[in-house]
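**Student:**
Chains as they are written, first to last, in the numbering used here: chain A, 5 to 295; chain B, 10 to 326.
(1) Residue 296 of chain A: which of A:215, A:223 and A:189 sits nearest, CA to CA?
(2) What's the gap between the Cα of residue 96 of chain B and the Cα of residue 147 of chain B?
(3) How far does the alpha helix (DSSP H) with residue 250 of chain B in it extend, from its first residue to its last?
(4) Could you give the distance in angstroms between the alpha-carbon of residue 132 of chain A and the alpha-carbon of residue 189 of chain A?
(5) Tell me residue 85 of chain A's beta-bridge partners as DSSP assigns them.
(6) Is residue 255 of chain B close to chain A, meaning its C-beta is less than 8 Å from at least one C-beta of that chain?
(7) Apply the 10 Å Cβ neighbour rule to residue 294 of chain B and answer buried if 16 or more other Cβ atoms are within range, or exposed otherwise.
(8) What's the C-alpha gap between residue 233 of chain B and residue 269 of chain A?
(9) Looking only at DSSP bridge pairs, what is residue 150 of chain A linked to?
(10) Closest Cβ-Cβ distance between residue 92 of chain A and chain B: below 8 Å?
(11) For residue 208 of chain B, write down the residues that DSSP places opposite it in a beta bridge.
(12) Beta-carbon separation of residue 248 of chain B and residue 239 of chain B under 8 Å?
(13) I'd like to know whether the C-beta of residue 230 of chain B is nearer than 8 Å to at least one C-beta of chain A.
(14) Using the C-alpha atoms, what's the distance from residue 312 of chain B back to residue 306 of chain B?
(15) Within 8 Å of any Cβ in chain B, is that where the Cβ of residue 98 of chain A sits?
(16) Where do the N-terminal and C-terminal ends of the alpha helix (DSSP H) with residue 43 of chain B fall, by residue?
(17) Kindly provide the ranges of any beta strand (DSSP E) runs that are 3 or more residues long and lie completely inside the stretch 212-289 of chain A, ordered along the chain.
(18) Beta carbon of residue 146 of chain A, beta carbon of residue 323 of chain B: below 8 Å?
(19) Give the straight-line distance between the Cα atoms of residue 114 of chain B and residue 207 of chain A, rounded to the nearest whole angstrom.
(20) Compute the distance between the beta-carbons of residue 167 of chain B and residue 207 of chain B, then report whether it is under 8 Å.
(21) At a CB-CB cut-off below 7 Å, which residues of chain A make contact with residue 321 of chain B?
(22) Beta-carbon within less than 7 Å of residue 258 of chain B's beta-carbon, same chain only, minus the 5 sequence neighbours each way: which residues are those?
(23) Taking residue 264 of chain B as the reference, which of B:30, B:170, B:221 and B:142 has the closest Cα?
(24) Would you report the Cα separation of residue 80 of chain B and residue 86 of chain B, rounded to the nearest angstrom?
(25) Quick check on DSSP: helix, strand or coil for residue 144 of chain B?
(26) With distances taken from CA atoms, which of B:241, B:155, B:186 and B:214 is nearest residue 199 of chain B?
(27) Determine the extent of the beta strand (DSSP E) in which residue 64 of chain A is found, giving its start and end residues.
(28) Consult DSSP for residue 116 of chain B and reduce its assignment to one of helix, strand or coil.
(29) In this structure, does DSSP put residue 145 of chain A in helix, strand or coil?
(30) Would you check if there are 3 or more beta carbon pairs closer than 8 Å linking the stretch 69-80 of chain B to the stretch 37-53 of chain B?
(31) Indicate whether at least one CB of chain A lies closer than 8 Å to the CB of residue 218 of chain B.
(32) If you run the structure through DSSP and keep just helix, strand and coil, what is residue 210 of chain A?
(33) Residue 179 of chain B CB to nearest chain A CB: under 8 Å?
(34) Quick check on this structure: which residue in B:236, B:308, B:262 and B:15 has the alpha carbon closest to the alpha carbon of residue 250 of chain B?
(35) In this structure, does DSSP put residue 184 of chain B in helix, strand or coil?
(36) In the DSSP assignment, what are the bridge partners of residue 175 of chain A?
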């Protein structure tokens, strides 16, 4: 056991003890407390937040919003949003059990975002980069016209300014409510990646939980380097669809970041707390070609 | 004659009547030609009316008809001297994607498509037209070959989607498709894509980043199969007809949204009723498209392809 491991263990034990001692307190202040969805530990919300939204007991990585992700990754005050005014429409007048218009309005209210991605430019430990960060809370991070357009524009901006691009994905796939228009965003963003390739600029994917379907099958896996966040579920087809197709149970680690690493699909599996350093390190080694 | 659709039953009824009249006329020696002609005319009119006003669900039935012409039927009817090129060169020959060199009107082309079977045995061989990542990688190898030797690329797509399975995920189905999308953009030769039946999801798009994209009259092109969409949004796969309608998956809508460049007319009753007419129609569409693209440089072709997909989408700012 390294010294660091020992400290970690001790910290965990302390938190657990605090949690056990605090039953009475929980009843008095239920808003301050939550349960880890993975290990069931009683935790102070503050303790999770201060720990990068990672369970201090079992290391479970909670999903984070695009805004939180940006705060975690970029140097304070360095981030400048681009193309934030682009908003979705309802080109098909799509209605399922609920209208697309209502779903958009609800998602916008819930997240405070216009659509499921934030694009911009910022620095990571001083290294300047363009980025796209997806937000799973906005309609499952689905890619419709707005996500496709913003990702394409930020790549084109990066080519113009000769910057690397980092895409942090979290998405259930293409947005069904825009049908073929969503499908074409896969082509559009991938064509932009082709130009990024030819411009000789670095593209890094950070795959976070969950990344599936149309995003996996387009800009989400076209990076020169692919980093998956620890514990992320990543794939093309969803687990349920595969189980229904092949009529057998899938292994529990199926489609996890660690599974993908084993099968040669990702370069690095990184815990959230190391992600910023990992990206800074990668960026620092690709700056020779960049003006 | 091939299996009739439910919605064709009224036509079959009229045809039965016609047969009866013919029989009667033979047996009795009465001249019933006038009545027979009237009925035949009515049947033809009715059929025309019916096929011009099919709903998306009915089109789906036609697009999935087991006897619908398959990729190799088109190759045999449109081309000569086909040489199939097998395998991804790293371990697999996925049969769900077939491709090779052929001559179209005497001109060498690379022709690649998803392949379905007509019998259970054939369908098992072609995995019901659902490619594995290895199939997309085979296609990519053939794209590169065409690019090297300046051959136009023609793709014909009829797939319910890329295969969802354990091995497909292990071997990066998503990334295989993504890589094709990116690399197709870089090609310096004309690329023409035709969705001839089912055009479902990334599995179809993986062969369709083209300069010109066409859809057969009763084919459809969609982000997700109507069944998949229904089971997610309606939580009930049997709502697939509602989903097919809501997804606006047929040629008129796709033309309106700028997704396809044109619709290829099918023979009355659907492509399966007359392979030769269908193949001729497809061939003349391809030749016209090629003559439009022939004057363009490699760089022009890439730019045209980029701009074409760049424009797709609907948003406000």
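Ideal Cβ positions, reconstructed from N, Cα and C, are used throughout, including at glycine.
**Tutor:** On the basis of the coordinates in this document:
(1) No answer is possible for residue 296 of chain A: it lies beyond the span of chain A, which begins at 5 and ends at 295.
(2) The count along the second chain starts at 1 and reaches residue 96 of chain B at position 87. The count along the second chain starts at 1 and reaches residue 147 of chain B at position 138. Cα to Cα, the separation comes out at about 6 Å.
(3) The count along the second chain starts at 1 and reaches residue 250 of chain B at position 241. 249-255 is the span of the alpha helix (DSSP H), which, as asked, contains residue 250 of chain B.
(4) Within the first chain, residue 132 of chain A is the residue found at index 128, counting from 1. Within the first chain, residue 189 of chain A is the residue found at index 185, counting from 1. Those two C-alpha atoms are separated by around 26 Å.
(5) Your numbering for residue 85 of chain A matches position 81 in the first chain. Its beta-bridge partners are A:124.
(6) Residue mapping note: residue 255 of chain B aligns to position 246 of the second chain, counting from 1. Output row for residue 255 of chain B: interface = yes.
(7) Looking up residue 294 of chain B in the second chain gives position 285. Classification of residue 294 of chain B: buried, given that the 10 Å Cβ count is 16 or more.
(8) Looking up residue 233 of chain B in the second chain gives position 224. Looking up residue 269 of chain A in the first chain gives position 265. Their backbone Cα atoms lie some 25 Å apart in a straight line.
(9) The residue given as residue 150 of chain A occupies position 146 in the first chain. None; residue 150 of chain A has no bridge partner.
(10) Taking the first residue of the first chain as 1, we reach residue 92 of chain A at position 88. Judged by the 8 Å Cβ criterion, residue 92 of chain A is in contact with chain B.
(11) Stepping through the second chain from its first residue, residue 208 of chain B is reached at position 199. Beta-bridge pairing links residue 208 of chain B to B:168 and B:230.
(12) Numbered from its first residue, the second chain carries residue 248 of chain B at position 239. Numbered from its first residue, the second chain carries residue 239 of chain B at position 230. In contact: residue 248 of chain B and residue 239 of chain B (Cβ atoms closer than 8 Å).
(13) Position 221 of the second chain, counted from the start, is the residue given in the question as residue 230 of chain B. Chain A, which has a Cβ nearer than 8 Å to the Cβ of residue 230 of chain B, makes this yes.
(14) As a working mapping, residue 306 of chain B is identified with position 297 in the second chain. As a working mapping, residue 312 of chain B is identified with position 303 in the second chain. Straight-line Cα distance between these residues: approximately 10 Å.
(15) Counting from 1 along the first chain, the entry for residue 98 of chain A is found at position 94. By this cut-off, residue 98 of chain A is an interface position.
(16) Position 34 of the second chain, counting from 1, holds the residue named residue 43 of chain B. Start and end: 42-61.
(17) 229-233 and 272-274
(18) Reading the first chain from its first residue, position 142 is the one you call residue 146 of chain A. Reading the second chain from its first residue, position 314 is the one you call residue 323 of chain B. No, the pair does not count as a contact, with Cβ atoms beyond the cut-off.
(19) The sequence position of residue 114 of chain B within the second chain is 105, counting from 1. The sequence position of residue 207 of chain A within the first chain is 203, counting from 1. Near 43 Å, if we compare the C-alpha coordinates of residue 207 of chain A and residue 114 of chain B.
(20) Here residue 167 of chain B is taken as the residue at index 158 of the second chain, counted from 1. Here residue 207 of chain B is taken as the residue at index 198 of the second chain, counted from 1. In contact: residue 167 of chain B and residue 207 of chain B (Cβ atoms closer than 8 Å).
(21) Taking the second chain and counting its residues from 1, the one referred to as residue 321 of chain B is at position 312. Result: 185, 188 and 192.
(22) For the purposes of this step, residue 258 of chain B is taken as residue 249 along the second chain, with counting starting at 1. Only 65, 229, 230 and 231 meet the Cβ criterion.
(23) To locate residue 264 of chain B, count along the second chain from 1; it is residue 255. Residue B:221 is the option with its Cα nearest to residue 264 of chain B.
(24) As a first step, residue 80 of chain B must be located in the second chain, where it is residue number 71. As a first step, residue 86 of chain B must be located in the second chain, where it is residue number 77. Distance between the alpha carbons of residue 80 of chain B and residue 86 of chain B is about 10 Å.
(25) For the purposes of this step, residue 144 of chain B is taken as residue 135 along the second chain, with counting starting at 1. Note: residue 144 of chain B maps to helix in three-state DSSP.
(26) As a position in the second chain, residue 199 of chain B is number 190, starting the count at 1. Nearest C-alpha to residue 199 of chain B: B:155.
(27) On the first chain, residue 64 of chain A is found 60 positions in, with the first residue counted as 1. Per DSSP, residue 64 of chain A belongs to no beta strand (DSSP E) and is neither H nor E.
(28) Position 107 of the second chain, counted from the first residue, corresponds to residue 116 of chain B. Residue state, collapsed to three classes: strand.
(29) Counting from 1 along the first chain, the entry for residue 145 of chain A is found at position 141. If DSSP states are grouped into helix, strand and coil, residue 145 of chain A belongs with the helices.
(30) no
(31) Counted from its first residue, the second chain places residue 218 of chain B at position 209. So yes, residue 218 of chain B belongs to the interface.
(32) The residue given as residue 210 of chain A occupies position 206 in the first chain. Three-state DSSP puts residue 210 of chain A in a strand.
(33) Locating residue 179 of chain B in the second chain gives position 170, counting from the first residue. Interface residue, yes.
(34) Translated into positions along the second chain, residue 250 of chain B becomes position 241. Measuring from the Cα of residue 250 of chain B, the nearest candidate turns out to be B:236.
(35) To locate residue 184 of chain B, count along the second chain from 1; it is residue 175. Helix.
(36) Position 171 of the first chain, counted from the start, is the residue given in the question as residue 175 of chain A. In DSSP, residue 175 of chain A forms a bridge with A:215.
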